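Colleague:
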Amino acid sequence: MSGKHVVVLGAGVAGLSTALYLRREGLSVTVLDPLPAGSGASFGNAGMISPDSVVPIALPGMLRKVPHWLLDPMGPLRVNTRHLPRALPWLLRWIRCGTMPRATRTSDALAALHRHSFACWAELLGPSGMDEFIRRQGQIHVWESHRVSAAEQAERRLRERHGVRSQVLDAQQLRRMFPGIANSVVRGLLLPDNGHTIDSSRLVQRLGELLRAAGGRIVAERALKLVPTESGRWTVLSHVDNHAADSVVVATGAAAPDLLRPLRLRLPLAAERGYHIALCDARLQLERPIVFKSRGVAMSPNGGGLRVSGTVEIDAHDAPPDERRARYLENHLRQAFPDAGGAVSRLWMGSRPSTPDSLPLLGAVAAHPGLFLCVGHGHFGMTGGPPSARLVAAAVTGKPPIIDPTPYSIARPGR
Ligand SMILES: Cc1cc2nc3c(=O)[nH]c(=O)nc-3n(C[C@H](O)[C@H](O)[C@H](O)COP(=O)(O)OP(=O)(O)OC[C@H]3O[C@@H](n4cnc5c(N)ncnc54)[C@H](O)[C@@H]3O)c2cc1C
Numbered sequence: 040m041s042g043k044h045v046v047v048l049g050a051g052v053a054g055l056s057t058a059l060y061l062r063r064e065g066l067s068v069t070v071l072d073p074l075p076a077g078s079g080a081s082f083g084n085a086g087m088i089s090p091d092s093v094v095p096i097a098l099p100g101m102l103r104k105v106p107h108w109l110l111d112p113m114g115p116l117r118v119n120t121r122h123l124p125r126a127l128p129w130l131l132r133w134i135r136c137g138t139m140p141r142a143t144r145t146s147d148a149l150a151a152l153h154r155h156s157f158a159c160w161a162e163l164l165g166p167s168g169m170d171e172f173i174r175r176q177g178q179i180h181v182w183e184s185h186r187v188s189a190a191e192q193a194e195r196r197l198r199e200r201h202g203v204r205s206q207v208l209d210a211q212q213l214r215r216m217f218p219g220i221a222n223s224v225v226r227g228l229l230l231p232d233n234g235h236t237i238d239s240s241r242l243v244q245r246l247g248e249l250l251r252a253a254g255g256r257i258v259a260e261r262a263l264k265l266v267p268t269e270s271g272r273w274t275v276l277s278h279v280d281n282h283a284a285d286s287v288v289v290a291t292g293a294a295a296p297d298l299l300r301p302l303r304l305r306l307p308l309a310a311e312r313g314y315h316i317a318l319c320d321a322r323l324q325l326e327r328p329i330v331f332k333s334r335g336v337a338m339s340p341n342g343g344g345l346r347v348s349g350t351v352e353i354d355a356h357d358a359p360p361d362e363r364r365a366r367y368l369e370n371h372l373r374q375a376f377p378d379a380g381g382a383v384s385r386l387w388m389g390s391r392p393s394t395p396d397s398l399p400l401l402g403a404v405a406a407h408p409g410l411f412l413c414v415g416h417g418h419f420g421m422t423g424g425p426p427s428a429r430l431v432a433a434a435v436t437g438k439p440p441i442i443d444p445t446p447y448s449i450a451r452p453g454r
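The C-terminal position of the sequence shown is numbered 454 in the working numbering, with every residue numbered one higher than the one before it.
Written out as structure tokens, the structure is:
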């Protein structure tokens, strides 16, 4: 493969991890992105790296919660009604994925991929990068009700199925761990084998720095069209240039469907837009992320301050942000930690590139030799991005994959 040129589209966690793996295999690699490395969804996530993420988003019992969520302006879900006709096929598929047999199959595939998360981050970053950016101190989930919903029961079964270690925490233990947490919090769960990054955006930028140091190129261009050539290669037309490539890897996150439409490829991807607020000078100092399950909100130390992130908004990925969704996150913070203090220093919105079954789309596109995908990581890109990149790099170079790639194929059974 050495001497072959690969163009990777997108400089988020998925694209840069893939580019770095490919460069280390001796390929010539160019990454195209109009924005600086780590400026998409990879910029503003909660930073949780969760090898024990074995629970897909569509679960039994979830559908029953949807009307309540939609009626609550501060609730975890909003669907823009004007976007509904476009989103409906995706939403119907999402509903079909919420049966226990389907969720169990998906869970097995998530577990197989996410299991390799820390090992792949370590391969990419090396020991000093791991020490600088990644903490393996677990994550805490908390609930504000003793009632166990059908979805939570399903989560428990899936975690048990995969032998995920966890420790139940009562209200007193939680108050010792998080002095000042609201009295409404009555129970929690420690997932000790998960972790987090202390800075999502810097972490992804580091991948870019490592790529450049290894001889890869990152150019500030937007890919407009992928054109197969008669000689079996590709030309990528960007807004200012043309790039010849033996292979192209599409890792453009939620923008991937637009780019692939001219090739008659219809990806089952929706933009699940999420928001965060960053706080400066907060009295609340967290050592590890805490997820308020009933609110659908995560609070984590990220980017040198406190970050509160969450909510799902189904809308076009390039529609303007609704800053009220971000402001509601501050209400959640003040209710959960009344003495948190601090001032909001940034409102942010980004699009999770999500498939209905929560599994990414990875590897070769059979109808277009030389075209590969690394998209669709939804809620789990900081976890699944690096192991996915390793799988995609193996598909490009023809090396044996670390795990069976079938469940993540664009042509996977049941898709
Ligand atoms: C609020 C929120 C919280 C989250 N929390 C977590 C978490 O705690 N843990 C976790 O694992 N995941 C989390 N996620 C999900 C995670 O952020 C995403 O799955 C991941 O960042 C997706 O990475 P990506 O590289 O596929 O996409 P992106 O990071 O969006 O990168 C895509 C890149 O493609 C570029 N691009 C687009 N179009 C073109 C084009 N035509 N040509 C060239 N380049 C193009 C964009 O500029 C962008 O830089 C969260 C997401 C959100 C929104």
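Where is the CB? At the ideal position from N, CA and C, for every residue including glycine. Predicted, not measured: the structure shown is a model, and the values here were computed from it.
1. Applying the 10 Å Cβ sphere with the 16-neighbour rule, what's the burial state of K332?
2. Using alpha carbons as the reference points, say which of H371, C136, E64 and G49 lies closest to S397.
3. Beta strand (DSSP E) containing N341: first to last residue?
4. If you reduce the DSSP assignment to three classes, tell me which class E352 lands in.
5. To test your reading of the DSSP string, which unbroken alpha helix (DSSP H) runs of 4 or more residues are found completely within the region 237-279?
6. Could you tell me whether the region 419-431 touches the region 146-157, using the rule of 3 or more Cβ pairs below 8 Å?
7. My understanding is that R272 touches A284, with C-beta atoms under 8 Å, so please give their C-beta distance in whole angstroms.
8. Quick one: does the C-beta of S448 sit closer than 8 Å to a heavy atom of ligand 1?
9. Kindly confirm or deny that the region 219-236 and the region 165-178 touch, where touching means at least three C-beta pairs closer than 8 Å.
10. C413: beta carbon under 8 Å from a heavy atom of ligand 1?
11. Below 8 Å on the Cβ atoms is my contact criterion, and I expect K43 with S286 to pass it. Report the Cβ-Cβ distance as a whole number of Å.
12. Can you grab the Cα-Cα spacing for the pair G381 / A80, in whole Å?
13. Please state the DSSP three-state secondary structure of I449.
14. Which residues does DSSP pair with T69 in a beta bridge?
15. Considering only residues of the same chain and omitting the five flanking positions on each side of T436, which have a CB-CB separation below 8 Å?
16. Going by the C-beta, is L325 closer than 8 Å to any heavy atom of ligand 1?
17. Under the rule that 16 or more other beta-carbon atoms within 10 Å means buried, what is A97, buried or exposed?
18. Closer than 8 Å to a non-hydrogen atom of ligand 1 - does that hold for the CB of L48?
19. For Q211, count neighbouring C-beta atoms within 10 Å of its own C-beta (all shown protein chains included) and say buried if the count is 16 or more, exposed if not.
20. Could you say which of G51, F157 and A50 lies nearest to D91 if we only look at CA atoms?
21. Excluding the 5 residues preceding and the 5 following P444 in the sequence, name in chain order all residues of the same chain whose CB lies nearer than 6 Å to its CB.
22. Pull up the distance between the alpha-carbon of I220 and that of E199, whole angstroms please.
23. How about L55 and G343: do their beta carbons lie closer than 9 Å?
24. Quick check on the DSSP output: what are the complete alpha helix (DSSP H) runs of length 4 or more inside the region 79-119, in order along the chain?
25. Below 9 Å between beta carbons: does that hold for S146 and L197?
26. I need the straight-line Cα distance from I316 to V52, nearest angstrom please.
27. Report buried or exposed for G234, applying the criterion of at least 16 other Cβ atoms within 10 angstroms of its Cβ.
28. What does DSSP give as the partner residue(s) for A317 in the beta ladder?
29. Leaving out five residues on either side along the sequence, give the residues of the same chain with a beta carbon under 7 Å from the beta carbon of I449.
30. Whole angstroms is fine: what's the gap from E260's alpha carbon to L276's?
31. For C136, which of helix, strand or coil comes out of DSSP?
Modeller: This is what the structure gives:
1. buried
2. C136
3. V336 to N341
4. Residue state, collapsed to three classes: strand.
5. 239-252
6. yes
7. 6 Å
8. no
9. yes
10. yes
11. 7 Å
12. 24 Å
13. I449 carries a coil assignment under DSSP once its states are collapsed to helix, strand and coil.
14. V46 and R256
15. M40, L61, E64 and L66
16. The answer is no for L325.
17. buried
18. yes
19. exposed
20. F157
21. G402 and L430
22. 28 Å
23. no
24. 80-83 and 101-110
25. yes
26. 21 Å
27. buried
28. R346 and R385
29. L400, V404 and L412
30. Between E260 and L276, the C-alpha separation is close to 10 Å.
31. coil
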